[in-house]
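In order, the protein sequence lines correspond to chains L and X.
Quick note: the first sequence uses the UniProt record's numbering, first residue 1, plus one each step.
Quick note: the second sequence uses the UniProt record's numbering, first residue 1, plus one each step.
Backbone N, C-alpha and C define an ideal beta-carbon position, used for all residues, glycine too.
There are 2 protein chains.
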Amino acid sequence: MLAAAVRLFNERGYDATSMFDIAESLGITKSSVYHHISGKEQLLQMAMDRALDGLFEAAGEVKALDLPAPERLERLVRRSVLVLAERFEYVTVLLRVRGNTEVEQHALSRRRDFDAILTDLVKQAQAEGGVRPDIDPATAARLIFGMVNSLTEWYRPRTGGAEAIADALTRIAFEGLRTAER
Amino acid sequence: MLAAAVRLFNERGYDATSMFDIAESLGITKSSVYHHISGKEQLLQMAMDRALDGLFEAAGEVKALDLPAPERLERLVRRSVLVLAERFEYVTVLLRVRGNTEVEQHALSRRRDFDAILTDLVKQAQAEGGVRPDIDPATAARLIFGMVNSLTEWYRPRTGGAEAIADALTRIAFEGLRTAER
DNA sequence: TTGATTACCGGCCGTTCGGTCGGTAAATAT
DNA sequence: ATATTTACCGACCGAACGGCCGGTAATCAA
Numbered sequence: 001m002l003a004a005a006v007r008l009f010n011e012r013g014y015d016a017t018s019m020f021d022i023a024e025s026l027g028i029t030k031s032s033v034y035h036h037i038s039g040k041e042q043l044l045q046m047a048m049d050r051a052l053d054g055l056f057e058a059a060g061e062v063k064a065l066d067l068p069a070p071e072r073l074e075r076l077v078r079r080s081v082l083v084l085a086e087r088f089e090y091v092t093v094l095l096r097v098r099g100n101t102e103v104e105q106h107a108l109s110r111r112r113d114f115d116a117i118l119t120d121l122v123k124q125a126q127a128e129g130g131v132r133p134d135i136d137p138a139t140a141a142r143l144i145f146g147m148v149n150s151l152t153e154w155y156r157p158r159t160g161g162a163e164a165i166a167d168a169l170t171r172i173a174f175e176g177l178r179t180a181e182r
Numbered sequence: 001m002l003a004a005a006v007r008l009f010n011e012r013g014y015d016a017t018s019m020f021d022i023a024e025s026l027g028i029t030k031s032s033v034y035h036h037i038s039g040k041e042q043l044l045q046m047a048m049d050r051a052l053d054g055l056f057e058a059a060g061e062v063k064a065l066d067l068p069a070p071e072r073l074e075r076l077v078r079r080s081v082l083v084l085a086e087r088f089e090y091v092t093v094l095l096r097v098r099g100n101t102e103v104e105q106h107a108l109s110r111r112r113d114f115d116a117i118l119t120d121l122v123k124q125a126q127a128e129g130g131v132r133p134d135i136d137p138a139t140a141a142r143l144i145f146g147m148v149n150s151l152t153e154w155y156r157p158r159t160g161g162a163e164a165i166a167d168a169l170t171r172i173a174f175e176g177l178r179t180a181e182r
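Right under this line is the structure:
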């Protein structure tokens, strides 16, 4: 049921999806939906938590690695792409909330926490050398993860391996588009 | 009035913004709003057009330049950042629509046209050399512009020059985060 | 077999929304 | 001074929404 709801949220947007729509897509009535969940917001909450848990899990694993910071940064970028691909629809929901309700604001708060972890990792990588120090760490972190998050706009899980995308993305992020000579 | 509406759209989302909200923020009544415009969707339409016109204008100007493709690509990326900063709220609205109505689908169609222009430019740049050929042009175009578009998520026009952001972004996009040696 | 739990349903309620309509007051033109 | 256009308003409408309630049918435990 969560899956059905999330699919509709992404198709039409959270606000534009009615409880009737969700019920209809499951072949039951609206009343029956309320037998299983407490309300529309709970579905949103569950979806966002699923996405956030995946991201923090990835961050935790990478943190535990005994590697130089630039290496850890690259791993986290790559892992984030894979989490996004795995939990695609949930992450898509997460990245669209505007903070209108308390539930949404709590999710935004967790996103900011994740952001802080990233910024810190970039900062470390710059300090250790291996990542260019001429870009503000917070800006770099946001740009790189802006690129990652933009996947929700066009990537479709069916299309093919998330690894190929992760490769292309990390290559651009760390080596850039420009070829060495010309 | 368009500016007031767009501000609210971005604060709470298009669906969550009522015509009453818009009227209230202008100090007039809902009925008065309808004296000036035909409906809520027209406001959305106008906002999205303002954003799209800016982007296509930038694309047209860059196309007219007598420069190698990689150079034109970099200019377009930079110009896009500046357009996004200039027409920030309008672009933000544009990048949030899901295609629920005909008006929205028309905007999405124009976005796809812009995307095609970009992909083509990347392809040319790869053919001329100067941009790494080992990444699918469509993927590269989407990732780079995903990074650009992600600015709507955190950039705030007040904060400071858009040029600084444009510098950081093009540096990452073309040269990458990694330093040459370490 | 019986009792309880679980899944489901039709019908309803209060609210909010986008939009309309008839009419008034101010500004502008003649 | 008068006519016309422009800006605005209060009251209202039908539709859609999230959610609730009382009740029924199926499932399952004893």
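Within the model, the alpha-carbon separation for Tyr-90(X) versus Ala-107(L) is close to 25 Å. In this structure, the beta-carbon distance from Leu-118(L) to Ile-144(L) falls below 9 Å. Beta-bridge analysis with DSSP links Arg-96(X) to no other residue.
For Leu-2(L), the closest alpha carbon among the candidates Trp-154(L), Arg-178(L), Gly-13(L) and Met-46(L) is that of Met-46(L). The residues Gln-126, in chain order, have a CB closer than 6 Å to that of Pro-133(X) in the same chain once the five nearest residues on each side in sequence are set aside. For chain X, none of the residues of the segment 20-37 of chain L brings a beta carbon within less than 9 Å of one of its beta carbons.
Interface criterion not met: the Cβ of Ser-80(X) is under 9 Å from no Cβ in chain L. Nearest Cα to Tyr-155(X) within the set Ser-25(X), Arg-110(X), His-36(X) and Val-83(X): Val-83(X). For Leu-143(X), the C-beta contacts it makes with chain L under 8 Å involve Met-147, Ser-150, Ala-168, Leu-169 and Ile-172, in order along the chain. Chain-order list of chain X residues neighbouring Val-131(L): Leu-177, Arg-178 and Thr-179, by C-beta distance under 7 Å. Beyond the five residues adjoining it in sequence on each side, Glu-61(L) comes within less than 8 Å, by CB distance, of Arg-79 in the same chain, given in chain order.
Looking at the DSSP output, Val-131(L) shares a beta bridge with Arg-178(X). Under the three-pair Cβ rule at 8 Å, the segment 162-171 of chain L does not count as touching the segment 48-62 of chain X. Secondary structure of Leu-73(X) (DSSP, three-state): helix. In this structure, Arg-96(L) places its C-beta atom within 9 Å of the C-beta atom of Arg-96(X). Counting C-beta atoms within 10 angstroms of its own C-beta, Gly-27(X) has fewer than 16 neighbours from the protein chains shown and is therefore classed as exposed.
Within 10 angstroms of the beta-carbon of Arg-142(X) lie 16 or more other beta-carbons, which makes it buried.
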